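Comments concern the structure below.
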Amino acid sequence: MTTLHERIRGLLSRASQAAQEHGVLPQALAPREIQLERPRQASHGDMATNLCFALAKAAGKNPRALAEAFAPLVREVDVEGWIQAVEVAGPGFLNLRLSDAAWQASVTDVLLQGADFGLGNAGAQERVLLEFVSANPTGPMHVGHGRGAVLGDTLARVMRASGYDVTTEYYINNVGNQVGKLGESVWCWLREPDKRATALAIWGNGDPVAFPDGFPAGFPEDGYRGAYIAECAEDLAKTGLDCPTADWTDDAAWRAADVESVTGRADNRTITVRAWQRQLDRIRDDLGKLDIRFDNWFSERRLHGLDPETRDAVKDVTRRLLGTDWAYEDENAAPDDEDAVVAGRAVFFRGTSENLPKQFRDGKDRVIIRGDGRPTYFAADIAYHDHKLARGFDHLINVLGADHHGYVSRLKGVIHALGDLRRQEGDANAARWTGDRLEVLLVQMVALLRDGKPVPMGKRSGEFVTLRDVIDDVTTAEPASGRDAVRFLFLMRKADAQLDFDLEVARRTSMENPVYYVQYGHARLCSILERAAKEGRLPALDAPATALALDDERALALAIAELPEVIARAAKAREPHQVAYYLTDLCRAFHGYYSRHKSDARVIGDDDAETHARLQLVRALKQVIGNGLRLLGVSAPERMTALPDAAEMEAEG
RNA sequence: GCGCCUGUAGCUCAGCUGGAUAGAGCAUCGGACUUCGAAUCCGCAGGUCGCAGGUUCGAAUCCUGCCGGGCGCGCCA
Numbered sequence: 056m057t058t059l060h061e062r063i064r065g066l067l068s069r070a071s072q073a074a075q076e077h078g079v080l081p082q083a084l085a086p087r088e089i090q091l092e093r094p095r096q097a098s099h100g101d102m103a104t105n106l107c108f109a110l111a112k113a114a115g116k117n118p119r120a121l122a123e124a125f126a127p128l129v130r131e132v133d134v135e136g137w138i139q140a141v142e143v144a145g146p147g148f149l150n151l152r153l154s155d156a157a158w159q160a161s162v163t164d165v166l167l168q169g170a171d172f173g174l175g176n177a178g179a180q181e182r183v184l185l186e187f188v189s190a191n192p193t194g195p196m197h198v199g200h201g202r203g204a205v206l207g208d209t210l211a212r213v214m215r216a217s218g219y220d221v222t223t224e225y226y227i228n229n230v231g232n233q234v235g236k237l238g239e240s241v242w243c244w245l246r247e248p249d250k251r252a253t254a255l256a257i258w259g260n261g262d263p264v265a266f267p268d269g270f271p272a273g274f275p276e277d278g279y280r281g282a283y284i285a286e287c288a289e290d291l292a293k294t295g296l297d298c299p300t301a302d303w304t305d306d307a308a309w310r311a312a313d314v315e316s317v318t319g320r321a322d323n324r325t326i327t328v329r330a331w332q333r334q335l336d337r338i339r340d341d342l343g344k345l346d347i348r349f350d351n352w353f354s355e356r357r358l359h360g361l362d363p364e365t366r367d368a369v370k371d372v373t374r375r376l377l378g379t380d381w382a383y384e385d386e387n388a389a390p391d392d393e394d395a396v397v398a399g400r401a402v403f404f405r406g407t408s409e410n411l412p413k414q415f416r417d418g419k420d421r422v423i424i425r426g427d428g429r430p431t432y433f434a435a436d437i438a439y440h441d442h443k444l445a446r447g448f449d450h451l452i453n454v455l456g457a458d459h460h461g462y463v464s465r466l467k468g469v470i471h472a473l474g475d476l477r478r479q480e481g482d483a484n485a486a487r488w489t490g491d492r493l494e495v496l497l498v499q500m501v502a503l504l505r506d507g508k509p510v511p512m513g514k515r516s517g518e519f520v521t522l523r524d525v526i527d528d529v530t531t532a533e534p535a536s537g538r539d540a541v542r543f544l545f546l547m548r549k550a551d552a553q554l555d556f557d558l559e560v561a562r563r564t565s566m567e568n569p570v571y572y573v574q575y576g577h578a579r580l581c582s583i584l585e586r587a588a589k590e591g592r593l594p595a596l597d598a599p600a601t602a603l604a605l606d607d608e609r610a611l612a613l614a615i616a617e618l619p620e621v622i623a624r625a626a627k628a629r630e631p632h633q634v635a636y637y638l639t640d641l642c643r644a645f646h647g648y649y650s651r652h653k654s655d656a657r658v659i660g661d662d663d664a665e666t667h668a669r670l671q672l673v674r675a676l677k678q679v680i681g682n683g684l685r686l687l688g689v690s691a692p693e694r695m696t697a698l699p700d701a702a703e704m705e706a707e708g
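To get our numbering, take the position in the first sequence, counting from 1, and add 55.
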């Protein structure tokens, strides 16, 4: 199996060999990647390469002269006849005009490769661990999490299509202050069933926060105030914790029953564990609505030795770092935290070390172990990333919210330090621990709009629009439409640009909402094929498309041939949005072709040869759009359900 | 103050990683359904690529300095 671009690259590569034999190029010349691009101007041919610019230096010639010498060689090695014309243009471009056979073959390529068309092996099976979402299991996911989720999941799909061996992972942040606070918040609601009932009734009415009795006594000042906390308590009150006592107000009994709470830590109480597990279930459900599933769910607890059969890797790695110059104890720092049990000695990571490459160096040394002996989030992350590399991954990718960007250099720095540590320990694999094994993709924020106006969100009040709300809100006739709209629209911006998500636009069924545009294109193609099948005019799948002759058909054939290029590029650049843009462009080309030739060259016509060839093109287009949508996790409907008519629309509006 | 991201048509954004005359959608205006889907298409108009230097055959893209916007700089995660 091969593709159009591979054929042309092969041709150009043979031409460079010939050039070496003819003395046009020096003998010793490293093979290089040949860039092929589609010129904007039709007069520039079907494909252009800047190969001669790249080779000019090595050849000691100016690009234009080299191109002049190169052009006849391309013709000479073109034994298959793929090239109709080679032209030297501008300062040294080689413009190629393909023969009919060449571009027509791309239609056949697609049909023969089917669902596999577009796959490549640029990734060379590199083992990549892709961590994304990793939202704290302390509450519902919001739209920002959703964007990271869609980006991560689509990137995984795109990279797999490009030959990377990708494992996806969700890091469950179930240790520390935040989950502890979650447990306490739930606990407070549990102890006051009457107040809970009142509050839930009011919340159930749609009133987000206000209710007469306020929060339960002793509710933590910085606790989680959302309605979902009371709901969680209600749920646990019904199902229990598999513990002997039924009286939630019996503090002593519950503490005794908190068998997992041997350390007295709030984040390790049974009730806390049940609370975050429940939140995690909801997160898993929400992700499922977007068709996102993880290969691994990695519990932070195991890094602290809290899960069965795990050891305290955090303590272990801290101790080992302390044995080197990478970490040190600070006796002067007094803990600000009044809850601190002992005013002990905090442990710092020397992130400012001169021994760190500049790009991994931090502005200040960071705390790993607090003065009271509790490890920080950073400490666990050190153990976590050590563990990731120890599992044998070649490359790590983390998708993070852009507000975490200050954390990146620290994390890379510590991986570098771990490498040095392992070298000192005589680890033969130490070279694998380097800062540039970690790649962090920062996803910018999402602003939620309704009809152009920002939707107010205040996390503190507990009132915020959840990802689930958004998916439900933009779900229209088809069950998958909410998922499709959210996924596609999140991919219409590159990750490092802020994104406005307009709920009204996401429901719209016009070009403003590109997901419908692309899906409509797919449905339209299906409908043509359906008609052709009904009339018994579908050719065999491997029938040639040699009767295609229109410029628009040439352009479409060349466009579908680009899918493998787009996928490879998107995977390499970690930019899945390129696939989304490609699909809208391709559909635009198809809709244009369809409309322009409605009267003079319909797909199904009198001439059998033309009809068959056009149907092959239609089939190929459908295949390519379908493959692309699958990559984006968006459904490719065979038909679109009817729109509500104008009267209904107005009644709604 | 320091660091990261960002500035492209009236608005929202692409721009194949340094290539040829910078492109879409929306909005405005004007056109196209007797046929395989008008959820579509065609056309008009719209630009000092924030500003100023620099690098070279060539810059929206790379380097420097300003200006404007966003986000970070916890013994939070």
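For each residue, glycine too, the CB sits at the ideal point set by N, CA and C.
Note that the coordinates shown come from a computational prediction; the quantities given were computed from them, not determined experimentally.
What does W352 pair with, by DSSP beta-bridge criteria? Answer is Y225.
Between A177 and the rest of its own chain, which residues show a CB-CB distance below 6 Å, the 5 nearest in sequence each way excluded? Taken in chain order, the residues that qualify are S217, G218 and A623.
For V529, does the three-state DSSP call read helix, strand or coil? Note: V529 maps to coil in three-state DSSP.
Could you compute how far the alpha carbon of S650 sits from the alpha carbon of C107? The straight-line gap from Cα to Cα measures roughly 40 Å.
Provide the residue span of the beta strand (DSSP E) that contains V634, from first to last. Segment H632 to R651 is the alpha helix (DSSP H) holding V634; no beta strand (DSSP E) there.
Answer yes or no: do A486 and G468 have a C-beta to C-beta separation smaller than 9 Å? Cβ distance not < 9 Å, so A486 and G468 don't count as in contact.
Residue closest to R609, alpha-carbon to alpha-carbon, out of L493, V129 and S161: Of all alpha-carbon atoms in L493, V129 and S161, the one lying nearest the alpha-carbon of R609 is that of S161.
Simplified DSSP assignment, three categories, for R505: Looking at R505 - three-state DSSP - the assignment turns out to be strand.
Buried or exposed (CB count within 10 angstroms, at least 16 for buried), H459: Exposed is the call here.
If you draw a straight line from the C-alpha of T222 to the C-alpha of F187, how long is it? Whole-angstrom Cα-Cα distance: 11 Å.
Roughly how many angstroms separate the alpha carbons of I470 and R629, rounded to a whole number? C-alpha separation (whole angstroms): 22 Å.
Applying the 10 Å Cβ sphere with the 16-neighbour rule, what's the burial state of A74? Burial of A74 is indicated by the presence of at least 16 other C-beta atoms within 10 angstroms of its C-beta.
Take the Cβ of R53 as the centre, count every other Cβ of all protein chains shown within 10 Å, and call the residue buried at 16 or more, exposed below. The first residue shown for the chain is 56 and the last is 708, placing residue 53 beyond what the model contains.
Output needed for G173: all residues of its chain with C-beta closer than 7 Å, excluding positions within five of it in sequence on either side, in chain order. Take G173, set aside five residues on each side of it, and the residues of its chain with a beta-carbon closer than 7 Å to its own are A216, L618, P619, I622 and N682, in chain order.
How long is the line joining the alpha carbons of R477 and M500, rounded to whole angstroms? Each residue's alpha carbon lies about 38 Å from the other.
Between which two residues does the alpha helix (DSSP H) containing E384 stretch? Not the alpha helix (DSSP H): E384 falls in the beta strand (DSSP E), residues A382 to D385.
Identify every run of the alpha helix (DSSP H) within the stretch 547-600, keeping only runs that are complete inside it and at least 4 residues long; order them along the chain. 558-562 and 569-589, all fully within the stretch 547-600.
For A140, which of helix, strand or coil comes out of DSSP? Three-state DSSP puts A140 in a strand.
DSSP-derived helix/strand/coil call for R680: One point to set straight first is that residue 680 is Ile, not Arg, in the sequence displayed. Three-state result, I680: helix.
If I measure Cβ to Cβ from A532 and keep anything under 7 Å in the same chain, skipping five residues before and after, which residues do I get? Once the five neighbours on either side are set aside, the close Cβ partners of A532 are T696.
Applying the criterion that 16 or more other CB atoms from any shown protein chain within 10 Å of the CB defines a buried residue, is E239 buried or exposed? E239 sits buried, since 16 or more C-beta atoms from the chains shown fall within 10 Å of its C-beta.
Distance between F415 and G490 (C-alpha atoms, nearest Å): Cα to Cα, the separation comes out at about 7 Å.
Output needed for D362: all residues of its chain with C-beta closer than 8 Å, excluding positions within five of it in sequence on either side, in chain order. Counting only Cβ-Cβ distances below 8 Å, and skipping sequence neighbours, we find S354 and R356.
Taking the DSSP output, what are the residues bridged to A628? Beta-bridge pairing links A628 to no other residue.
Nearest-angstrom Cα separation, counted from D551 out to G199: When rounded, the distance between both Cα atoms is 13 Å.
Can you name the start and end residues of the beta strand (DSSP E) that I452 belongs to? Boundaries of the beta strand (DSSP E) harbouring I452: H450 to G456, taken from the DSSP string.
Which residues bound the alpha helix (DSSP H) around L149? Premise fails: L149 lies in the beta strand (DSSP E), F148 to L153, not in any alpha helix (DSSP H).
Could you compute how far the alpha carbon of P81 sits from the alpha carbon of R182? Counting only the Cα atoms, R182 lies some 37 Å from P81.
Out of A691, A288 and G537, point me to the one whose CA is closest to A330's CA. Checking every option, the nearest Cα to that of A330 belongs to A288.
How about V372 and D290: do their beta carbons lie closer than 9 Å? Not in contact: V372 and D290 (Cβ atoms no closer than 9 Å).
Tell me whether Y186 sits in a helix, a strand or coil according to DSSP, three-state version. In the sequence as displayed, the identity of residue 186 is Glu instead of Tyr. The three-state reading of DSSP puts E186 in strand, counting E and B together.
Thinking C-beta only, is T163 closer than 9 Å to D662? 9 Å or more divides the Cβ of D662 from the Cβ of T163.
Starting from A103 and walking both ways along the alpha helix (DSSP H), at which residues does that stretch end? Judged by DSSP secondary structure, A103 falls outside any alpha helix (DSSP H) and instead within the beta strand (DSSP E) spanning M102 to T104.
Tell me which same chain residues have a C-beta within less than 6 Å of the C-beta of A612, skipping the five on either side of it? Excluding residues within five positions, the ones whose Cβ falls inside 6 Å are W158, S161 and V162.
Straight-line CA distance for R421 to A614? Rounded to whole angstroms, R421 to A614 spans 51 Å at the Cα level.
Quickly, what does DSSP pair V422 with across the bridge? List them, please. Residue pairing of V422 in beta bridges, as defined by DSSP: F403.
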